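Structure, as structure tokens:
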Amino acid sequence: MCILFWTVNSHPKYRFIFAGNRDEFLDRPTAAAHFWPSPHEHILAGTDLEASATPSHDGTWLGITRDGRFAALTNYREQKYLGRRSRGALTRDFLRSGNNSAIGYMKDLKEHASEYGGFSLICMNLKGDHQNDMAYFSNREGVDITPLSQGEIYGLSNSVLDKPWEKVDNGRAIFKGIVNQSNLSKEELIESLFDLLRTTKDTCGSPTMEDDINQDPAAALEKAKKRIFIPLFLFGTSIYGTRTSTVILVDHEGNTTFIERDHYIADEQGQREDNDQKAAYKPVVDHGRTFYFNIDN
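Residue numbers (this note's numbering): 304 to 600.
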């Protein structure tokens with residue numbers, strides 16, 4: 304149940320402002336954000352190392368390149384997974400695709416989109432002379448390729464873009480309020496965005512999910528549709544929750560700051576018991592990984 308917020312050219316200092324959470328099973332093997340090895344050393348992204356994902360373990364949910372190509376993916380929530388190809392390849396392939404425009408890439412993708420489980424995909428080119436090259440596409444609910452607009456505040460979770468969940472509407476309002484505070488320093492802006500991503504109250508004001516977790520994990524998963532930050536809970540035999548948060552800023556000169564923060568680490572002293580697997584992980588105050596580069600040069 305990932306959630307993304309972004310805007311392009313809505314701020315006097317920044318061309319692009321992005322904040323997103325990755326919600327995932329904590330046991331799913333993942334490599335943190337890094338610049339990829341040659342021949343794709345221009346790509347900055349984490350990678351999905353799950354054996355059932357891309358054969359070369361280079362699928363990703365979110366990434367940006369040194370020349371300003373950006374892509375992010377959310378899964379469409381549905382009861383039954385349908386699709387024989389890994390969705391992590393969708394973001395990867397756009398980041399690798401060189402001169403192909405966002406809409407051009409999506410037109411090619413549309414021809415075989417039925418081969419994937421439900422997804423929503425955003426692709427854009429943030430380089431100074433290509434900032435109108437932004438688009439959204441989903442292979443569910445009859446959604447067509449949709450150009451994105453500068454100056455708009457967007458939010459997306461695991462539905463389609465024009466049918467947002469409650470937490471998306473709630474978070475988008477907070478995100479807009481942060482973006483409108485043009486007097487914030489860069490550090491204040493970054494921390495305000497991370498505060499948004501750590502919001503645990505649901506849209507009804509309930510502060511925790513513990514009652515739902517203890518009574519019915521399926522109900523807790525449903526309640527997660529109302530929460531920006533998902534606390535850990537046991538779903539089946541696996542632990543699920545908000546795993547990482549990412550903030551990206553690109554200023555009007557192309558200077559880019561990419562920050563990824565983890566929320567939990569494995570507790571080497573903890574014991575994994577069938578009735579309390581949450582003991583295997585503990586919260587971490589993590590300043591994470593920060594990368595600086597310029598996409599216009």
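Positions of the beta carbon are idealized from the N, C-alpha and C atoms, including for glycine. Keep in mind the model is a prediction, meaning the values are calculated, not measured.
- A Cβ-Cβ separation of about 7 Å places G362 in contact with T350 under the 8 Å criterion.
- Y457 and R475 have their C-alpha atoms spaced approximately 7 Å apart.
- If you draw a straight line from the Cα of Y379 to the Cα of G421, it is about 5 Å long.
- Of the residues assessed, V588 falls on the exposed side of the cut-off, its CB having fewer than 16 other CB atoms within 10 angstroms.
- Here G420 carries a coil assignment [DSSP, helix/strand/coil].
- Taking C-beta atoms under 8 Å as the contact rule, F308 and F532 fail to qualify, at a distance of about 13 Å.
- Distances from the CA of N312 to each of N428, Y439 and F596 were compared; the closest alpha carbon is that of N428.
- Take K470, set aside five residues on each side of it, and the residues of its chain with a beta-carbon closer than 8 Å to its own are I306, S460, D505, T506, K528, K529, R530 and I531, in chain order.
- Bounds of the beta strand (DSSP E) holding E563 are N558 to D565.
- F596 is positioned such that its CB atom lies closer than 7 Å to that of R369.
- Each residue's CA atom was taken as its position, placing R443 and Q382 some 13 Å apart.
- Counting only the Cα atoms, D599 lies some 44 Å from A523.
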